[in-house]
Structure formats: C-alpha cells, structure tokens
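Undergrad: Protein chains in written order, with numbering that gives the first Met the number 0: chain A, 0 to 269; chain B, 0 to 357.
Take this structure first; my questions come after.
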Amino acid sequence: MAGSRLQRAAFGVAVTGAYGLILAPVLAVIVISVFAQEIVSFPPTGFSLAWYANAWEKREFARGFATSLQLALAATAIGVPLGTAAALALARARLGGLRGALNTLLLGPLAVPGVVAGTALYLFYVRAEFWVDDDIKGTLPGLVAAHVLLTIPWTVRLVLASLQGLDRAAEEAAANLGARPFTVFRRITLPMLRPGVVAACLFSFIQSFENLELTLLLVGPGRTTLPVAMLNYLEFRVDPTLAAVATVQIALVGALMLITDRFVSLSRVV
Amino acid sequence: MGTLTLDAISRRYATTIAVERVDLDVAQGEFVALLGPSGCGKTTTLRMVAGFVPPSSGRILIAGRDVTKAPPHGRDTGMVFQSYALFPHMTVGENVAFGLEMRKVARAERDARVREALRLARLDGLADRLPRQLSGGQQQRVALARALVVNPAVFLLDEPLSNLDAKLRAEVRIEIRALQQRLGLTTLFVTHDQEEALTMADRLVVMERGRVRQIGTAEALYERPADAFVAGFIGRCNLLRGTPEAPGQFRTATGALLPRLPLAAPAGSVLALRPERITVATEGTGLPARLMAVTYLGAQTEYHLDLAGTRLLAIAPTPAEGDPRRALAPGDAVLAHWDPAEARLLPAEPGDLPDDAT
Numbered sequence: 000m001a002g003s004r005l006q007r008a009a010f011g012v013a014v015t016g017a018y019g020l021i022l023a024p025v026l027a028v029i030v031i032s033v034f035a036q037e038i039v040s041f042p043p044t045g046f047s048l049a050w051y052a053n054a055w056e057k058r059e060f061a062r063g064f065a066t067s068l069q070l071a072l073a074a075t076a077i078g079v080p081l082g083t084a085a086a087l088a089l090a091r092a093r094l095g096g097l098r099g100a101l102n103t104l105l106l107g108p109l110a111v112p113g114v115v116a117g118t119a120l121y122l123f124y125v126r127a128e129f130w131v132d133d134d135i136k137g138t139l140p141g142l143v144a145a146h147v148l149l150t151i152p153w154t155v156r157l158v159l160a161s162l163q164g165l166d167r168a169a170e171e172a173a174a175n176l177g178a179r180p181f182t183v184f185r186r187i188t189l190p191m192l193r194p195g196v197v198a199a200c201l202f203s204f205i206q207s208f209e210n211l212e213l214t215l216l217l218v219g220p221g222r223t224t225l226p227v228a229m230l231n232y233l234e235f236r237v238d239p240t241l242a243a244v245a246t247v248q249i250a251l252v253g254a255l256m257l258i259t260d261r262f263v264s265l266s267r268v269v
Numbered sequence: 000m001g002t003l004t005l006d007a008i009s010r011r012y013a014t015t016i017a018v019e020r021v022d023l024d025v026a027q028g029e030f031v032a033l034l035g036p037s038g039c040g041k042t043t044t045l046r047m048v049a050g051f052v053p054p055s056s057g058r059i060l061i062a063g064r065d066v067t068k069a070p071p072h073g074r075d076t077g078m079v080f081q082s083y084a085l086f087p088h089m090t091v092g093e094n095v096a097f098g099l100e101m102r103k104v105a106r107a108e109r110d111a112r113v114r115e116a117l118r119l120a121r122l123d124g125l126a127d128r129l130p131r132q133l134s135g136g137q138q139q140r141v142a143l144a145r146a147l148v149v150n151p152a153v154f155l156l157d158e159p160l161s162n163l164d165a166k167l168r169a170e171v172r173i174e175i176r177a178l179q180q181r182l183g184l185t186t187l188f189v190t191h192d193q194e195e196a197l198t199m200a201d202r203l204v205v206m207e208r209g210r211v212r213q214i215g216t217a218e219a220l221y222e223r224p225a226d227a228f229v230a231g232f233i234g235r236c237n238l239l240r241g242t243p244e245a246p247g248q249f250r251t252a253t254g255a256l257l258p259r260l261p262l263a264a265p266a267g268s269v270l271a272l273r274p275e276r277i278t279v280a281t282e283g284t285g286l287p288a289r290l291m292a293v294t295y296l297g298a299q300t301e302y303h304l305d306l307a308g309t310r311l312l313a314i315a316p317t318p319a320e321g322d323p324r325r326a327l328a329p330g331d332a333v334l335a336h337w338d339p340a341e342a343r344l345l346p347a348e349p350g351d352l353p354d355d356a357t
C-alpha cells in the first residue's frame, strides 16, 4: 500500500510539474503585462495598466489584429471545407495506390518548417505576379492562400479521425429510408462529423492567427499580421507592451476554446 | 407490402464467391429466415436486396418490380441493422420521422404516424430523448419503429437481436413475430442462431459457403433434411459415414451394420439419425451397445453409446425413479433401437460433417 501511495504522490508531482512548465510562461506574460516599470525586473516597482493603453495607441497592433482576424477567418472558411472534402476522399474514395501519396501531400505542410514554406511561397508569388501582372505578396488574398495551407493538415487529420469513428450503417439506414446521397451527407454524415469539423475550425483559426514564420516574408506595407507587428516592435523596444498584446491574444484563444467546448467536448476529438 | 423474388442472384469478388445463384420467393406477409454459419453469404444476400451490394448477376424483384439496378433509396425496403444504426444527433421522434420526411409526407400525417409507430413499439413518452439516453432494448425498438413507419414493401432484419442479452432476446423475438403477423409484413431475416430462425420464421433458407442448401419449414428441414450439412446444422444429429448395403442396411466405417430406411436412396454416403429417435433399453429388441457416458440434464438424459466401434448419441426423457434405466452407468451393456424409417441416407460434401475437419 505504501508503494502505491508513493506512486500516486510521484504521479501528482509529475502532473503538477508538467502543468507548471506549460503554464508558467503564460502566467509570466500576464503578470509582466501589469508591471509598472519599463525594464522587466523583480520585485516590480508597482502595477499599472499603462502598457495596455500603449498597445491600444500603437495603431500597428490594432491594424495587425484586424488583419490577423480577417486572415484567420478567411483561411478557416476556405481551408476547413477543402480539408473536410479531402478527408472524405481519403477515407471513402477508391484511390488505390494514390491514397498514401495524397495523405502525405495533405499532411505535408505540418512537416515543412514555416520559414522554408514561406520562402518557397515568396519565390512562387514573385514568379506568379509576373504571370498575372498583379500584386500577390502583401495582399490579403496572397496571405489567405498561404494560410489555407496551414489549416488543411489540421482539418484533414481531425476530420479523418471523426470519420474513422463514424458508423456507416447510419448512412445506409438513411439511404434505406429514402434519402438521396447528398441528403444523406447533409442530414447524417455532416452532423455526425460535427465535433471533428468544429475542432478543425478552432485549430485552423489558431494556427493562422498565431503564425509568424510562414507569414514573415509575405506581409507587405500596411498589411501586417499581429505576430509580425509584435516582432517588428521587438526590434526597437523591449517593454511590457508586448506582454499586454500577448495577454489579449491569450484571452482571445482561451475564450474561443471555452466557447467551442460548449458545443463539442474537445477532449473527445483531439 | 409486397412479394420479394431473388432470381439466381450471385455476388462474386476478385478471389471469392460470396453468393452463388440464390433463388428465393418470399410471399406477401411471409417471414423467411436466412440461416447459416458466419461467412455463408446470408448478410451479403440481404444487403443485395437492400441495394448496398450490387449483384454480379441475377435479378431482384420487389412487389413485381425489377429493382436490381435501383439505388437503396429507390427500393422501398425497411431495414433494421445489427448495430441499430440510429441517427445519434436526432431525437427518437426525429429518427422515426426521417423516412416519412424523405417521402414528403405532410406534417400533420407525419406526426400522427410517428406517434402510432412509437405506441406500437412501446416507446410512448420517449419521442424527445436522444438514442444514447435509451437502453439497448429501447434503441432496438426505435430501429424497428423507424423501419416500419414508412410501410415498406419488404421488411429486412440483419441479426437485430444479437446485441441484446438472452432474456430480452427471447422477449423481442416474440414481439417482432407478433408485429410481423399483425401487420402482414413480407420479411427477410438474417441470423446465425437456429433457435431464433426456428421460432420466428415461416420458412428457413439454410445457406453455406454462398449457396442455398435447402429451403423449407422448420419441420421439413428437421424431418427431411436434404443433405448432411442441413441435418447437422438444424438440431442435433448422428451423422455416420459408411456404405449402404441392401436391403435396408448400412455399414459404418467401423464395420457396424445398422438398419436404415429401405429405399433406393440417392448416392448418399452418410446415415443421419436424430438422437431422440433412438431408444435405449436394458431388455427387449435392439442392437447391443455399450454405454460410454450418461449425462443427466433434468428433463432429458443423454446416452453416449458405442455400437461395435461406432459412436451414437441417444437422447431420451429422463426415466422415472425406480425405472431400471435410471441406474444405467458407463460400461453397462444396453440395447439401442430405432425405427429404420428414422435412419436416412443423405448426400454429403466434404466438410459437411463435424469430424471432417480433422
């Protein structure tokens, strides 16, 4: 019995330690954002919300936030339907030997480092601008196209997982009751995939919203995302303004996860 | 409601034949069970009727209409799945209403029919529940109600009782049969459980390795099996390999000479003898045999006999106390007797006898 108590205690310490390690930087950012002094040091000389006001006054953050929000929403709105369709094809279509190759291709963007993919896209955009005789780099459509690449692997993976747990007999039952194939998809398949699709939306949004590496080379003047704006700011100043911006970001993502969890239990799909 | 006709339907895959030229006529209101060991093609046959598996050849007619090429949604069958296949995101009421909605039945009539179907399936008051809030037996009844509410021409059941516990299974068996008879449903039922098939169906189709071995009533299959496989699959049966010797005699592989039905039998090589048709006595007429084992089972007693090296099983009602047969013990000499008409010569294919496996 003593052994099992010791084991339980060790497990408790390990879990607490792991959570501490994950949450410490987040907590640190939140705490630092309300420190009064400009150079971060302990103990704080006082607490203030001045950095939040500063972040609000710096228009590049507000503009970056707006751009990131538009970008993440657009990339999610395009990427999730595409990824869902791809997952359905991977799970259901007769692809033969093509299936493995397609699977690797669709999950590929996860394996390629963001900077490499960003550089490749930059070079491609330069070439493509020449062909279409119009701007692509630094435009919202150009950014959205790039970020759709981020959303697809997540969507494919999450929807595939949902599809594997789906009872095909329910679809057959609907057909048996007189539903045509598209009606079966709309009324039975899609609602049964909902947890996976909702999770895919959430993860796609977060992937796009927080992406820095892939985006770095593709932003243009007046079209900067929030992470890139933060990096730019960091090159000139180090003060808790960034902590304030990061805190707002953390709050947004946290809220999104809580809202999503109300609709589908996230622990069930991830 | 209507009839169902399978006209030489086959289903072949690249390397295997799942179903081989199955012919079957199910009359209006008849309950037919497809029975056989797993992998015999019974489920594939049912799925061909539902339209989920296209036949490689042959025709399927429902109510006289050729539906061989029709998609599942155009066949007017009502199917109950082994897993029930309820729509998890819809309430019980919505599940049952789905088929009516697909048939564009007006709202008021739809509601009335759903209410009636739920009442019939004893699900009153559960219309607003989700499937996961119901017990297994209730889910099963939702699946039944959902399939029946649309008045399908043919009612299809794919092992619908296999996920229920034994007690509930016996109840639902009677319930389904009563419902089927009351509504006059033309029904095709798939099962591997012979008791289920015997108690529910008007006629049984015994299948094995994709082929139909015999079609008939429970009594016909039991009393007049077409071959050794059917004899061994329906009920218990002594199946003995050997050679027929005229007149009315059969020599087993071990050399025992047994009386049999004195008919010019087809080229059968297996003697089939039901265990309860053998009487075991201590005196009188019969073939001398030695008792190998006696198993007391309450109402019945099983006698394992050795008849000149040939093993026979006899089953008899347990004798009353005081009867000398009550004292029989292994090693005792007894007399085994049967009416020669009960010993039938049957054709057999390799693998039809349980001992063939060795």
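All residues carry an ideal CB built from backbone N, CA and C; glycine is no exception.
Tell me, to the nearest whole angstrom, how far the beta carbon of Ala288/B is from that of Ala335/B; I am working on the premise that it is less than 8 Å.
TA: As a first step, residue 288/B must be located in the second sequence, where it is residue number 289. As a first step, residue 335/B must be located in the second sequence, where it is residue number 336. Correct: roughly 5 Å between the Cβ atoms.
Undergrad: Determine the extent of the beta strand (DSSP E) in which Glu348/B is found, giving its start and end residues.
TA: Residue mapping note: residue 348/B aligns to position 349 of the second sequence, counting from 1. Careful: Glu348/B lies outside any beta strand (DSSP E) and carries neither H nor E.
Undergrad: Compare the Cα-Cα distances from Arg156/A to each of Val111/A, Cys200/A, Val125/A, Ala145/A and report the closest residue.
TA: For the purposes of this step, residue 156/A is identified with residue 157 of the first sequence, where counting begins at 1. Considering only alpha carbons, the answer is Cys200/A.
Undergrad: Could you confirm whether any beta carbon from chain B is found closer than 7 Å to the beta carbon of Ala9/A?
TA: Looking up residue 9/A in the first sequence gives position 10. So no, Ala9/A is outside the interface.
Undergrad: For Lys41/B, which residues of its own chain have a beta-carbon under 6 Å away from its beta-carbon, when the five flanking residues on both sides are left out?
TA: By one-based count along the second sequence, residue 41/B stands at place 42. Closer than 6 Å at Cβ, skipping near neighbours: Leu33, Gly35, Val189, Met206.
Undergrad: Count the other CB atoms within 10 Å of the CB of Ile151/A; is the residue buried (16 or more) or exposed (fewer)?
TA: As a working mapping, residue 151/A is identified with position 152 in the first sequence. That one is buried.
Undergrad: Excluding the 5 residues flanking Thr357/B on each side, which residues of the same chain have their C-beta closer than 6 Å to its C-beta?
TA: Position 358 of the second sequence, counting from 1, holds the residue named residue 357/B. Any answer about Thr357/B is weak, because its pLDDT of 36 lies below 50 and its placement is not dependable; what the coordinates show is given next. Cβ within range, chain order: n/a, list empty.
Undergrad: Just checking my contact of Val171/B with Gly135/B at CB under 8 Å: how many whole Å lie between their CB atoms?
TA: Along the second sequence, one-based indexing puts residue 171/B at 172. Along the second sequence, one-based indexing puts residue 135/B at 136. Contact doesn't hold; Cβ gap of about 10 Å is too wide.
Undergrad: Just checking: is the beta-carbon of Pro194/A within a distance shorter than 7 Å of some beta-carbon in chain B?
TA: Looking up residue 194/A in the first sequence gives position 195. Closer than 7 Å: no.
Undergrad: Can you tell me whether DSSP reads Phe41/A as helix, strand or coil?
TA: Locating residue 41/A in the first sequence gives position 42, where the first residue counts as 1. DSSP places Phe41/A in coil when its eight states are reduced to three.
Undergrad: Can you tell me where the alpha helix (DSSP H) holding Asp110/B begins and where it ends?
TA: Locating residue 110/B in the second sequence gives position 111, where the first residue counts as 1. 106-119 is the extent of the alpha helix (DSSP H) around Asp110/B.
Undergrad: By a C-beta neighbour count over all protein chains shown, 10 Å radius and 16 as the cutoff for buried, is Tyr295/B buried or exposed?
TA: Position 296 of the second sequence, counted from the first residue, corresponds to residue 295/B. Burial call: exposed.
Undergrad: Just verifying my parser: in three-state terms, what is the DSSP assignment at Ser9/B?
TA: Along the second sequence, one-based indexing puts residue 9/B at 10. It is a strand residue.
Undergrad: With distances taken Cα to Cα, identify the nearest neighbour of Val52/B among Ala174/A, Phe60/A, Leu104/A.
TA: Within the second sequence, numbered from 1, the residue matching residue 52/B stands at position 53. Minimum Cα distance to Val52/B is reached at Ala174/A.
Undergrad: Closest to Pro349/B by C-alpha separation, out of Val21/B, Phe228/B, Ala7/B, would be which residue?
TA: Within the second sequence, the letter at position 350 stands for residue 349/B. Closest option to Pro349/B, Cα to Cα, is Phe228/B.
Undergrad: Answer with yes or no whether the minimum CB distance from Ala49/B to chain A is below 7 Å.
TA: Here residue 49/B corresponds to residue number 50 of the second sequence, with the count starting at 1. Chain A contact via Cβ: present.
Undergrad: Name the DSSP bridge partner or partners of Asp24/B?
TA: Sequence index remark: in the second sequence, residue 24/B carries index 25 (1-based). For Asp24/B, which the question treats as bridged, DSSP gives the partners Thr4/B.
Undergrad: Residues of chain A with CB closer than 7 Å to the CB of Arg102/B, please, in chain order.
TA: Numbered from 1 along the second sequence, position 103 holds the residue referred to as residue 102/B. Neighbours of Arg102/B on chain A, chain order: Gly177.
Undergrad: Taking only beta-carbon atoms, is Gly135/B less than 7 Å away from chain A?
TA: Numbered from 1 along the second sequence, position 136 holds the residue referred to as residue 135/B. Chain A contact via Cβ: absent.
Undergrad: For Val183/A, which residues in the same chain have their Cβ closer than 8 Å to its Cβ, ignoring the five residues on either side in sequence?
TA: Here residue 183/A is taken as the residue at index 184 of the first sequence, counted from 1. Within the same chain, Val183/A has close Cβ partners Glu170, Ala173, Ala174.
Undergrad: Measuring CB to CB, does Glu59/A end up less than 7 Å from Ala228/A?
TA: Sequence index remark: in the first sequence, residue 59/A carries index 60 (1-based). Sequence index remark: in the first sequence, residue 228/A carries index 229 (1-based). It is a contact, given that the beta carbons lie within the stated cut-off.
Undergrad: Taking Met78/B as the query, report the chain A residues whose CB atoms sit under 9 Å from its CB, ordered along the chain.
TA: The sequence position of residue 78/B within the second sequence is 79, counting from 1. Here the neighbours are Glu171, Ala172, Asn175, Leu176.
Undergrad: So, do the region 72-92 of chain A and the region 221-236 of chain A have three or more beta carbon pairs nearer to each other than 8 Å?
TA: No, the region 72-92 of chain A does not touch the region 221-236 of chain A.
Undergrad: Among Ser3/A, Val247/A, Thr223/A, Leu159/A, which residue has its Cα nearest to the Cα of Leu106/A?
TA: Residue numbering aside, residue 106/A sits at position 107 when the first sequence is read from its first letter. Comparing Cα-Cα distances from Leu106/A to each of Ser3/A, Val247/A, Thr223/A, Leu159/A, the minimum goes to Leu159/A.
Undergrad: Taking the CB atoms as reference points, tell me whether Gly28/B and Gly183/B lie closer together than 7 Å.
TA: By 1-based counting over the second sequence, the position of residue 28/B is 29. By 1-based counting over the second sequence, the position of residue 183/B is 184. It is a contact, given that the beta carbons lie within the stated cut-off.
Undergrad: Taking Cβ-Cβ distances shorter than 9 Å, what residues in chain A pair up with Val358/B?
TA: Any answer about residue 358/B is impossible in this case: the structure gives chain B only from 0 up to 357.
Undergrad: Name the one or two DSSP bridge partners that His336/B has.
TA: As a position in the second sequence, residue 336/B is number 337, starting the count at 1. DSSP lists Thr278/B as partners of His336/B.
Undergrad: Verify the CB distance criterion: does Phe154/B have a CB-CB separation below 7 Å to chain A?
TA: Locating residue 154/B in the second sequence gives position 155, where the first residue counts as 1. Chain A contact via Cβ: absent.
Undergrad: Let me see if you follow: with CB-CB separation under 7 Å, is Pro190/A close to chain B or not?
TA: Numbered from its first residue, the first sequence carries residue 190/A at position 191. Yes, because at least one Cβ of chain B sits closer than 7 Å to the Cβ of Pro190/A.
Undergrad: Using a Cβ-Cβ cutoff of less than 8 Å, which residues in the same chain neighbour Gly234/B once the five nearest sequence positions on both sides are dropped?
TA: For the purposes of this step, residue 234/B is taken as the residue at position 235 of the second sequence. Closer than 8 Å at the Cβ level, and outside the excluded window around Gly234/B, lie Gln193, Tyr221, Arg273.
Undergrad: With Ala142/B and Tyr83/B assumed to form a contact (beta carbons below 8 Å), what rounded beta-carbon distance in angstroms separates them?
TA: Taking the second sequence and counting its residues from 1, the one referred to as residue 142/B is at position 143. Taking the second sequence and counting its residues from 1, the one referred to as residue 83/B is at position 84. Rounded, the Cβ-Cβ distance is 4 Å, consistent with contact.
Undergrad: In angstroms with no decimal places, state the Cα-to-Cα distance between Asn102/A and Thr14/B.
TA: As a first step, residue 102/A is located in the first sequence; it is residue number 103 there, counting from the start. As a first step, residue 14/B is located in the second sequence; it is residue number 15 there, counting from the start. Distance between the alpha carbons of Asn102/A and Thr14/B: 28 Å.
Undergrad: Please confirm whether Gly45/A and Val147/A have their CB atoms less than 7 Å apart.
TA: Position 46 of the first sequence, counted from the first residue, corresponds to residue 45/A. Position 148 of the first sequence, counted from the first residue, corresponds to residue 147/A. Their beta carbons are not under 7 Å apart, which means Gly45/A does not touch Val147/A by this criterion.
Undergrad: Could you tell me if Pro108/A is buried or exposed, where buried requires 16 or more neighbouring beta carbons within 10 angstroms of its beta carbon?
TA: To locate residue 108/A, count along the first sequence from 1; it is residue 109. Under this definition Pro108/A is a buried residue.
Undergrad: What would DSSP say about Phe86/B, mapped onto helix, strand or coil?
TA: Here residue 86/B corresponds to residue number 87 of the second sequence, with the count starting at 1. Reduced to three states, the DSSP call for Phe86/B is coil.
Undergrad: How about Ala49/B and Gly209/B: are their beta carbons less than 7 Å apart?
TA: Within the second sequence, numbered from 1, the residue matching residue 49/B stands at position 50. Within the second sequence, numbered from 1, the residue matching residue 209/B stands at position 210. Cβ distance not < 7 Å, so Ala49/B and Gly209/B don't count as in contact.
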